[in-house]
Amino acid sequence: MARLTHRLAKLALAAALVAFTAGVWAAHRAPTTGYELSLYAATPDATWVGVGTALVVGGAVALTAPRDGRLHDAGLVAVGAAGLTVFALPVLRGYAYYGGGDSLTHLGWASELADGSLAVTELLYPGVHTTSVFVAEAAGVGLPRAIMYVVLVAVPLVYLLFVPLTVQVLGGGRRALAAGLLAAALFVPVNNVSVHPVAHPTSQAIMLSAFVLYLLLSYVSGPSATSTTASPAPSGSRSRFDGVSGLGVLLAAAGVAVVLVHPQQAVNLALVFVAVAALRAVLRRWTDGPATRHRGIYAQTGVLVVALAAWAPRFERVGGATEATFGSLLASGATAGEVVSQRSTSLTEVGGSIGELFVKLFLPATVLSALAAGLVAFVAYRRLRSDDDTLAGYVVAGMVPLAGAFLVMFAADIGDQYFRYLGFLMVPVTVLGAAAAARLADGLDAQSGRRVGTVVAVVLLVGLVPVGVLAVHPSPYMYQANSQVADTEFNGYSNTFDAREENVPFAGVRGGPRRFVDYHYGTEYTDEQLEFPGDRTGIPEGVFAAGNYTSAYEADRYLTVTRGAYLREVVMWRSFRYPQSGFAALDATPGVNRVRANGGFTLYRVDAE
8 MARLTHRLAK
18 LALAAALVAF
28 TAGVWAAHRA
38 PTTGYELSLY
48 AATPDATWVG
58 VGTALVVGGA
68 VALTAPRDGR
78 LHDAGLVAVG
88 AAGLTVFALP
98 VLRGYAYYGG
108 GDSLTHLGWA
118 SELADGSLAV
128 TELLYPGVHT
138 TSVFVAEAAG
148 VGLPRAIMYV
158 VLVAVPLVYL
168 LFVPLTVQVL
178 GGGRRALAAG
188 LLAAALFVPV
198 NNVSVHPVAH
208 PTSQAIMLSA
218 FVLYLLLSYV
228 SGPSATSTTA
238 SPAPSGSRSR
248 FDGVSGLGVL
258 LAAAGVAVVL
268 VHPQQAVNLA
278 LVFVAVAALR
288 AVLRRWTDGP
298 ATRHRGIYAQ
308 TGVLVVALAA
318 WAPRFERVGG
328 ATEATFGSLL
338 ASGATAGEVV
348 SQRSTSLTEV
358 GGSIGELFVK
368 LFLPATVLSA
378 LAAGLVAFVA
388 YRRLRSDDDT
398 LAGYVVAGMV
408 PLAGAFLVMF
418 AADIGDQYFR
428 YLGFLMVPVT
438 VLGAAAAARL
448 ADGLDAQSGR
458 RVGTVVAVVL
468 LVGLVPVGVL
478 AVHPSPYMYQ
488 ANSQVADTEF
498 NGYSNTFDAR
508 EENVPFAGVR
518 GGPRRFVDYH
528 YGTEYTDEQL
538 EFPGDRTGIP
548 EGVFAAGNYT
558 SAYEADRYLT
568 VTRGAYLREV
578 VMWRSFRYPQ
588 SGFAALDATP
598 GVNRVRANGG
608 FTLYRVDAE
């Protein structure tokens, strides 16, 4: 019977891998031809069949097959490849660029780094930008493509690799890698509120923190120099310098690297380091448990703090952000509840609700949080008696100051910054939740004498996969538009800027062309030197609906309209602010003249009265 089950699992996994390969090929053979409101809807059905089959079958096989067998490893490959494919779909579908907001500004900075007009030391967070410039030069591709390779392929690959490895360090048992990889494939840190899959350094720093967390736990769990004279653990062989290990140096270097990716997340890491070091010191002082054998991270913490102190304060925006936070704490303004109420009203107007959106965006995070809370309670009950429990305690200790920072940001009410802290918290929550699921499965199997725990793990983790996959990229499913930037937009804005009259201001749907100005001219040059009238100006909603442009504007003005703007306003938002009649009237309104059009971008000029 066991042999038959093994054979059926092999056949199912082989079929899943074939379907997955065919799905990837189908996506590659169906490149985008223009702006797509939904990446999910525009991707061929065969791709989703292949990806879904690989995730479900691969996850089930990885959770049920023997840990030391090739079938288990093949299941992991299927899950990892499918998860990475979902994240990297814009690359696979041939998008010109992915990320129409801040990402274009970062592309402008990267362009300036590439042409030498901006020095690395003049940019607060040059990590993603300089890496992308290197990839562009090494691979011989354009900078927009290189950035997509970095943020849509390399960064999620690191996350998918090191979340399960961290779960294994925490002692998740024989299912550690499978549970960790399935949890990682949910990408719960990406909430599409303040953490995004596009080029957004704070988002990349959050996902890369999984690597630092793995190094931290691996290093700490190695024997300290004062606790043993035996051969060092494989996790960090001793060098000829007493008290120094290669893994310790790598941990320090990784912390410094995060400073260059985004200092805000490096501060979060510093808080984690301090909390872990403090808990270890307390446990070593007052107990004789596993912590007495663990390494200290005082040197690595010091290096990280010094790197932050040397790098971040040089930039004015760091001081400004700090002042804004404390100022908001003391000032009276709109509360977070009032903001949620306002957004709830807008969402209701287009047929949605906050409750529905919460389930779509945060259900996997909620389930993993509940599992993590259960593990925390179990570890506390056992009073950190085992090595695995102590390591889990370190992770929990690191979350305490992060939770405090989240509450401070929530109270300060400075936009949606607190969702960044929530995203960072979801990295350790994912690790703890996956470890809890793996331990729960092993415990139920042992207690029942049957594979009850295995069934629970498969249903729980594999069942969350579809919900997680649908929330990776913004789409109308979550009342957000695709972040695609089409070739027609790049070409349209570029040609417009090259031929514009410099004294004629711009206006656009919901805002001016500021992000494309950043990309075209360079972000630093735009901020410091360029005078570009109307780069942030939106067409007033009343003017757009009435079409009275010539009387509304006192001077001539350029109006930019893209196909993406039309689909967002009319199809997704159901003409909530900018009605379809307003778009249709542009070509029929006297005094509004079409200057250029390419199918995805249209430029009009208003001749004021």
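In my numbering, the protein residues as written are 8 to 616. Glycine residues also receive a C-beta, built at the ideal position from the N, C-alpha and C atoms.
Beta-carbon proximity list for residue i, same chain, < 7 Å, skipping 5 on both sides
i: S246; result: Low local confidence applies: a pLDDT of 40 at S246 is under 50, so the model's placement there is unreliable, with the coordinate-based value given in what follows. Only S252, G253 meet the Cβ criterion.
i: H35; result: L99
i: D396; result: V386, R389
i: A33; result: P51, A53, T54
i: V157; result: V135, T138, S139, V142
Nearest-angstrom Cα separation, counted from residue j out to residue i
i: P371; j: A192; result: 11 Å
i: M406; j: R302; result: 20 Å
i: M416; j: L278; result: 15 Å
i: P239; j: I304; result: Only weak support exists for where P239 lies, its pLDDT of 46 falling under 50; the value from the coordinates is given anyway. Their backbone Cα atoms lie some 17 Å apart in a straight line.
i: L62; j: R292; result: 46 Å
i: A72; j: V170; result: 20 Å
i: V135; j: T495; result: 26 Å
i: V516; j: T567; result: 7 Å
i: L172; j: A95; result: 22 Å
i: T60; j: P208; result: 32 Å
i: A331; j: R324; result: For A331, the pLDDT reaches just 49, beneath the cut-off of 50, and the residue's location in the model is therefore unreliable, although a value from the coordinates is still provided. About 10 Å.
i: S408; j: A399; result: A small fix is needed here, since residue 408 is Pro in this sequence, not Ser. Spanning the two alpha carbons is a distance of roughly 16 Å.
i: V403; j: A285; result: 12 Å
i: G606; j: Y166; result: 38 Å
i: A6; j: G87; result: In the structure as shown, the chain starts at 8 and stops at 616, and residue 6 therefore has no counterpart that could be examined.
i: A37; j: L44; result: 16 Å
i: G41; j: S393; result: 56 Å
i: Q272; j: V283; result: 17 Å
i: V84; j: G57; result: 14 Å
i: S501; j: E548; result: 26 Å
i: P520; j: F539; result: 10 Å
Which listed residue (the options) has its alpha carbon closest to that of residue i
i: T202; options: L447, G30, H269, L114; result: Going by the sequence as given, residue 202 is Val instead of Thr. Comparing Cα-Cα distances from V202 to each of L447, G30, H269, L114, the minimum goes to H269.
i: Q211; options: A506, L24, A33, H113; result: H113
i: A16; options: Y585, V459, D80; result: D80
i: S228; options: P204, L83, G255, H13; result: G255
i: A306; options: A298, T294, W318, G262; result: G262
i: V93; options: D52, V479, A185; result: V479
i: A595; options: W580, Y611, Y585; result: Y611
i: F629; options: A22, S139, Y226, G82; result: In the structure displayed, the chain extends from 8 to 616; residue 629 sits before or after that span and is not available.
i: A615; options: G607, F322, F497, Y565; result: Y565
i: T609; options: S588, Y573, R389; result: Y573
i: P51; options: L382, F27, R74; result: F27
i: A143; options: D122, I213, Y132, D396; result: D122
i: A552; options: E535, R570, Q587; result: Q587
i: L257; options: D109, V274, Q271, V219; result: V219
i: L215; options: G549, V162, R392, R446; result: V162
i: A67; options: Y532, H13, Y102; result: H13
i: W580; options: F369, Y486, G549, A514; result: Y486
Chain-order list of residues whose beta-carbon lies under 8 Å from that of residue i (same chain, five-residue window excluded)
i: G518; result: R543, T544, G545
i: L111; result: Y104, V492, R522, F523, D525, Y526
Contact belief for residue i with residue j at Cβ below 8 Å, rounded distance in angstroms
i: F413; j: Y401; result: About 19 Å; that fails the 8 Å criterion.
i: R182; j: D505; result: Actually they are not in contact, since the Cβ atoms of R182 and D505 sit about 58 Å apart, beyond 8 Å.
i: L91; j: V31; result: Contact flag wrong, Cβ pair sits at about 10 Å.
i: A23; j: G65; result: 6 Å
i: V2; j: D563; result: Shown here, the chain extends from 8 to 616; a query on residue 2 therefore has no answer.
i: A190; j: L468; result: 7 Å
i: P196; j: V434; result: 6 Å
i: V174; j: A445; result: 7 Å
Start and end residues, alpha helix (DSSP H) containing residue i
i: V74; result: Per the sequence shown, the amino acid found at residue 74 is Arg instead of Val. Here R74 belongs to no alpha helix (DSSP H), and DSSP marks it neither H nor E.
i: N498; result: 494-506
i: G405; result: 394-419
i: G571; result: 570-573
i: N275; result: 270-293
i: I154; result: 150-156
i: R584; result: Neither: R584 is in no alpha helix (DSSP H) and is coded neither H nor E.
i: R522; result: 521-528
Where the beta strand (DSSP E) through residue i begins and ends
i: L610; result: 608-613
i: N600; result: 599-604
i: A514; result: 513-515
Cutoff 6 Å; reference residue i; Cβ partners in own chain excluding five residues on either side
i: V459; result: L451
i: W318; result: V266
i: N620; result: With the chain covering 8 to 616 only, the question about residue 620 has no answer from this structure.
i: E119; result: L125, G529, E531
i: N600; result: R612
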